[in-house]
Amino acid sequence: MSLDLRELYQEVILDHNKRPRNHGRIEGAARTAEGHNPLCGDNVRVYISTEDGKMTDVRFEGSGCAISTASASLMTEAVKGKSFEEAEAIFKEFQQMVTTTGEAVPHPDLGDLEVFAGVREYPVRIKCATLPWHTFRAALQGEEEAVSTE
Amino acid sequence: MSLDLRELYQEVILDHNKRPRNHGRIEGAARTAEGHNPLCGDNVRVYISTEDGKMTDVRFEGSGCAISTASASLMTEAVKGKSFEEAEAIFKEFQQMVTTTGEAVPHPDLGDLEVFAGVREYPVRIKCATLPWHTFRAALQGEEEAVSTE
Amino acid sequence: MTLTVKAPNFEVLRADFPILETVVRGKQLAYLDNAATSQKPQLVIDALDRYWRAQNANVHRGVHYLSQIATSEFDAARVKVQTLLNAASSKEVIFTRGCSESINLVATCLTSGASAKATNGQKTTPCIAEGDEILISTMEHHSNIVPWQMAAERVGATLKVIPISDAGEIDLEAYAGLLSEKTKLVGIVHVSNSLGTVNPIKQMVEMAHAVGALVLVDGAQAGPHLSIDVQDLDADFYTLSCHKIYAPTGVGVLYGKRALLEAMPPYQGGGDMIRTVSFERTTYAELPAKYEAGTPNVAGVIGLGAAIDYLAHLGRWYVGPEKPDMTDREALVVAFGAIHRREAELANEASRLLLEIPGVQINGSAPDKAGIVSFTLDCAHPHDIGTILDSDGIAIRAGHHCCMPLMNRLGVPATARASFAFYNTMNEAERLASGVRKIKEMFS
Amino acid sequence: MTLTVKAPNFEVLRADFPILETVVRGKQLAYLDNAATSQKPQLVIDALDRYWRAQNANVHRGVHYLSQIATSEFDAARVKVQTLLNAASSKEVIFTRGCSESINLVATCLTSGASAKATNGQKTTPCIAEGDEILISTMEHHSNIVPWQMAAERVGATLKVIPISDAGEIDLEAYAGLLSEKTKLVGIVHVSNSLGTVNPIKQMVEMAHAVGALVLVDGAQAGPHLSIDVQDLDADFYTLSCHKIYAPTGVGVLYGKRALLEAMPPYQGGGDMIRTVSFERTTYAELPAKYEAGTPNVAGVIGLGAAIDYLAHLGRWYVGPEKPDMTDREALVVAFGAIHRREAELANEASRLLLEIPGVQINGSAPDKAGIVSFTLDCAHPHDIGTILDSDGIAIRAGHHCCMPLMNRLGVPATARASFAFYNTMNEAERLASGVRKIKEMFS
Ligand SMILES: Cc1ncc(COP(=O)(O)O)c(C=O)c1O
Ligand SMILES: Cc1ncc(COP(=O)(O)O)c(C=O)c1O
Ligand code: FES
Ligand code: FES
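So the sequences go chain by chain: A, B, C and D.
Those letters in the first sequence? Residues 1133 to 1282, per the numbering used here, in order.
Those letters in the second sequence? Residues 1133 to 1282, per the numbering used here, in order.
Those letters in the third sequence? Residues 200 to 643, per the numbering used here, in order.
Those letters in the fourth sequence? Residues 200 to 643, per the numbering used here, in order.
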């Protein structure tokens, strides 16, 4: 297998794909939204519980590839306990990391999320990584309709 | 001007184009039909008077190129006084002459109509030469609708 | 036609397809995405190049040299398609933008009752109206579903669906039960792009005709792999996707029985499809021009002609010098016989090797299949399979293959699909399987 | 942008067009049929060749290498068209089969009220209904007449016709008089393919908008010759025939304002234009996919991208090394400014020389004309002129040019038409005139 590919499918990703964290629904969640990737037809639903402006619980459900599943799993871990603004800042940096071409730069603030740095070499898979995030933001903004990554 | 072209636009053709014979309508003609060349939009109408199974008068009207005008003019001369069967035989030979590719063979039976032999080198112009003939035959067969060369 | 010769080695034909030399991330390309689009032989590439350098002009009504060459090449291509399909007349061959447009044309013209008046004084116009039924199958491509949904909605007709078995075959009993005098049209795919199933078209047409229904056969996936005889099938409409038949993109074919095409109202309006235009009254041209509004894809159609030439060459090469006076039709029949066998060999071997891997499931197990192997792996999503195989130079497709209702029926969101052409090799089938085996290990 | 350089010699550009070397019946080809279709520069031919040899795959949703290359080249071409037209978004650029299909798409979607329900929950759908009026002009091409006739008939709307002056210009007073609140759509050609007239689109759009009508501009003949700015024109729809813009056959463009394209119902159904399909309910994709059912003409669109690159190169070449950092849009504006001037020069000279021949009449004498010279000769039919010029290697078109109502207005059954591109020469204009002079002698 090529080196590139090892960059994409890092152990952390394979692990979160196999055993996704925070997988499942939150009954009566404060906020929820569904996201859809038109390129493949996959869906993800994100649930958020809040208390005092902090997200006390974030979970997801849906069908997707390893990249989107691991991204959802790692996202829920990253944003749990954070405020909306903090989550937004993480999203911004994450998105920048996976969409910026050119020389790779380190993103230490992203913690485990940095494993998705390799996605930028796979343009058609970028939406896999960002789908959970777009859905998460839609839930925060209380959008009713399913969002799509386009 | 190329030799080929002189073959197409023979003096006889240019002459019949400039001064078409039997041009005009026959009021109360026994038979008439209109023909249409979809490639250029030109039209011709043929009128036939008959007596005792012979065509006593054949005339034409319409707008067309030099080839179709001369063909109509020479056709009316060729079929006047003939029976339907005789006209049909002339048509058959004429059509064969203008559509057969390969080595040219003489068509002495066609008389003046032989000047159209050059048309076979110009596939898009063959319909110009045959339009009057198709219209003539439609008139003989009493077809109501305008015929087209297609 | 029976063959007396030993089958020649198909691998020598690879040299005719320059793109097969491509190296992807250091590995030789194994192009197993032929159901999406086929690669083009040098003969087609050369025909296109020659066209742009020495023949390009608008066709029809042009009196000048280039226009005459372009027109005669264009018209010749129509006759070649007639031969390919064994149509009764080249006037029954309509060039469209693609298979999808061909189907839309029929769906629209059969439901545009209002415009029917405008046709050249036709008395009876075939028409689907309120209360009528349209039958399609569960395994249709979106291109043979959505146009009928839109048409049904337009006129208030009902769309009904022929179920399929677990093996991916049409349930003929259910089909018989669904057919009734209300059925005005059956839309059925000849070869499924997701399952590879070859449907029993001739029988299905017969059954439909018995209740007076018309049949449109979506031949997008049959065109590249089977020898088609529309007269024998007695199909009313047959559609082709030419970029899948080794020809350029941007060309489709609609075959329709002459009487039907003559009776139907026109589709798009514009240049070339008219006889006379005035603001008071417009009359339409005869077939095939009636359905070809505007400048056609001249180069694409000429490229299609070259692709058919290539297939006829292939037939002659396959037979060898024994039958020097084969007709083009005979050569094409031989070619597709050989292609179908070769592709089945490749696909069967790929299936066999894949099934040795625990967790692999193959979708579609009809006995007569075209060279399509659709599969899933328990631990990896089809797109992950696609990406990882790509890094080994193996090109497959992952997704719903424009067959969402079928995916629903199969109970999967998507599949991975390897689709073979005659220029593929056993080695490529092996590379596919060993790639999938590695993924299995990686994801378990 | 003002040019400070002396105009470079356009004749050197001939070397970019290999077909111009053609020898016809012993004479060098003089290709004066550019309004029918343009010739292709080497850059475009090479892009196509490269595509078939190294990039060919189906676009969208493919995870493999070739599919990614094809998709990114395809998407890049859409952005190039956006630049060509100065559209606000590349989502407003829809690829079709040709200009005729683009117009049919709009005419159909604006009159398919019934299907409007099917769109993604849109509230207001622009729609032409019974009693409404559609305005077109006397100088329209059949492709901008027949679709509206069919649409008007479908819904019971009325088609009205804007008259033209003897010089071949829109009668703006009559236009003002025809516009009313009943007018829902104005269909107007930007540059007449028979007369060469450049219509005052911006003003006409303003007048139409004042009564709430939409405007579709048929840009088939403007695309190759003028720099177009759809935002400045404020056109609601703008259509291109790409084979006339030095690009391959089988590609057209429909530009539409985003809000309109989003509100209109879909046109053809099939693969790629959907979001989800089920037998109960289908939802449609976002722009531009919504209007691009089925596999697009991938190679053709990529060739179009190369043609636009060529035009931008031409602009840079014209300016010379002085402005190294011109944007593509700026380069295109320069290119078309230069092309328009060059073609007008050629056409003016041809007109001048032709008018010296007794019996020649030129149709269309608007002051601002594109490089089109439509003429008749008193003693010879246009097709005879065409055939005889062809024997001298001069390619022109003869006929009604898909403008029968205009021919009626001019009182001629047909005309001979010489149409110039920037790669034509003064010598070719002279050869045209001396050929016509010989015909005059021969036929008198
Ligand atoms: C003014 C005008 N409109 C429309 C068209 C139709 O374009 P196409 O044949 O490419 O569909 C043409 C070209 O033939 C044209 O000149
Ligand atoms: C079975 C089937 N039908 C229809 C189509 C549509 O063909 P096209 O995309 O060429 O219009 C395809 C190909 O994608 C297909 O596989
Ligand atoms: S492939 Fe569907 S989300 Fe990744
Ligand atoms: S060109 Fe019209 S009949 Fe000859």
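Where a beta carbon is used, it is the ideal one built from N, C-alpha and C, also for glycine.
In this text the structure is predicted, and so the values were computed from the model without any measurement.
Please compile the residues from chain A whose C-beta is within a distance smaller than 7 Å of the C-beta of residue i.
i: C/Phe574; result: Result: empty, since nearest Cβ-Cβ is about 16 Å, beyond 7 Å.
i: D/Val262; result: Val1256
i: D/Arg474; result: Pro1170
i: D/Gln281; result: None at all; the shortest Cβ gap to chain A is about 17 Å.
If the cut is a Cβ gap below 8 Å, which residues of chain C does residue i touch?
i: B/Cys1260; result: Within chain C, no residue comes near B/Cys1260; the closest Cβ sits about 10 Å away, beyond 8 Å.
i: A/Leu1146; result: Met641, Phe642
Run down chain D in chain order and give the residues with a C-beta less than 7 Å from the C-beta of residue i.
i: B/Ser1195; result: Pro612
i: C/His442; result: Thr494
What residues from chain C crowd round residue i, counting only those whose CB sits closer than 7 Å?
i: A/Arg1257; result: Thr586
i: A/Leu1263; result: In chain order: nothing, as chain C lies at least about 12 Å away.
Can you tell me where the alpha helix (DSSP H) holding residue i begins and where it ends?
i: D/Ile431; result: Per the sequence shown, the amino acid found at residue 431 of chain D is Asp instead of Ile. Its alpha helix (DSSP H) spans residues 429 to 432.
i: A/Lys1186; result: Per DSSP, A/Lys1186 belongs to no alpha helix (DSSP H); it is in the beta strand (DSSP E), 1186 to 1195.
i: D/Arg213; result: First-last for D/Arg213: undefined, no H or E at that position.
i: A/Glu1143; result: 1143 to 1150
i: D/Thr586; result: 581 to 589
i: D/His539; result: 527 to 554
i: D/Val497; result: 497 to 518
i: D/Glu608; result: According to the sequence shown, residue 608 of chain D is Arg rather than Glu. Here the alpha helix (DSSP H) through D/Arg608 covers 603 to 609.
i: C/Ile327; result: No alpha helix (DSSP H) contains C/Ile327, which DSSP labels as neither H nor E.
Run through the DSSP bridge pairs and tell me what residue i is partnered with.
i: C/Ile561; result: C/Phe574
i: C/Phe436; result: C/Leu415, C/Gly455
i: D/Gly598; result: D/Thr614
i: D/Thr357; result: D/Glu332
i: C/Leu384; result: C/Ile333, C/Leu413
i: B/Asp1136; result: Partner(s): none; B/Asp1136 has no beta bridge.
i: D/Ile363; result: D/Ile369
i: C/Gln227; result: C/Val222
i: D/Ile593; result: D/Ala229
Within the continuous beta strand (DSSP E) that includes residue i, where are the two ends?
i: D/Ile333; result: 332 to 336
i: A/Ser1181; result: 1174 to 1183
i: B/Ala1165; result: 1163 to 1169
i: D/Leu481; result: It should be pointed out that residue 481 of chain D corresponds to Thr in this sequence rather than to Leu. D/Thr481 -> beta strand (DSSP E) spans 481 to 483.
i: D/Thr475; result: 473 to 476
Taking residue i as the query, report the chain A residues whose CB atoms sit under 9 Å from its CB, ordered along the chain.
i: D/Arg528; result: Those within 9 Å of D/Arg528 in chain A number zero; the least Cβ separation is about 23 Å.
i: D/Gln560; result: Neighbours of D/Gln560 on chain A: none; closest Cβ ~56 Å, over 9 Å.
i: C/Ala579; result: Asn1149, Cys1197, Ala1198
At a CB-CB cut-off below 7 Å, which residues of chain B make contact with residue i?
i: D/Asp583; result: Cys1197, Ala1198
i: C/Ala484; result: Pro1170
List the residues of chain C that residue i touches, going by C-beta distances under 9 Å, in chain order.
i: A/Asp1136; result: Arg224, Ser590
Chain B partners of residue i, CB-CB under 9 Å?
i: D/Met338; result: Those within 9 Å of D/Met338 in chain B number zero; the least Cβ separation is about 17 Å.
i: D/His600; result: By Cβ distance, chain B contributes nothing, its closest Cβ being about 10 Å from D/His600, past 9 Å.
Listing by chain order, which chain D residues have their CB less than 8 Å from the CB of residue i?
i: C/Ile595; result: His263
* To do: Decide yes or no for the touch test of the segment 1200 to 1220 of chain B against the segment 1172 to 1187 of chain B: beta carbon pairs closer than 8 Å, at least 3 of them.
  => yes
* Asked: For the segment 252 to 295 of chain D, which segments carrying the beta strand (DSSP E) assignment without a break, of at least 3 residues, lie completely within its bounds, in sequence order?
  -> Correct list: 292 to 295.
* Asked: Curious, which full-length beta strand (DSSP E) runs of at least 3 residues does the segment 1203 to 1270 of chain A contain?
  -> none
* Touch check for the segment 1218 to 1231 of chain A and the segment 1264 to 1275 of chain A: three-plus C-beta pairs under 8 Å? -> yes
* Decide yes or no for the touch test of the segment 444 to 456 of chain C against the segment 326 to 333 of chain D: beta carbon pairs closer than 8 Å, at least 3 of them. => These segments do not touch.
* To do: Take every Cβ of the segment 470 to 488 of chain C, pair it with every Cβ of the segment 263 to 272 of chain C, and state whether three or more of those distances are shorter than 8 Å.
  => no
* Any 3 or more C-beta pairs closer than 8 Å across the segment 211 to 230 of chain D and the segment 247 to 261 of chain D -> no
* Is the segment 543 to 558 of chain C close to the segment 369 to 382 of chain C, with three or more CB pairs under 8 Å? -> no
* Touching by the beta-carbon criterion (3+ pairs, under 8 Å), the segment 348 to 359 of chain C and the segment 300 to 314 of chain C -> Yes: the two stretches touch, three or more of their Cβ pairs being nearer than 8 Å.
* Can you find at least 3 beta carbon pairs, one from the segment 574 to 592 of chain C and one from the segment 410 to 426 of chain C, that sit closer than 8 Å? -> no
* Asked: Is it true that the segment 504 to 522 of chain D meets the segment 206 to 219 of chain D, where meeting means three or more beta-carbon pairs spaced less than 8 Å apart?
  -> When Cβ pairs closer than 8 Å are counted between the two stretches, the segment 504 to 522 of chain D is seen to touch the segment 206 to 219 of chain D, the count reaching three or more.
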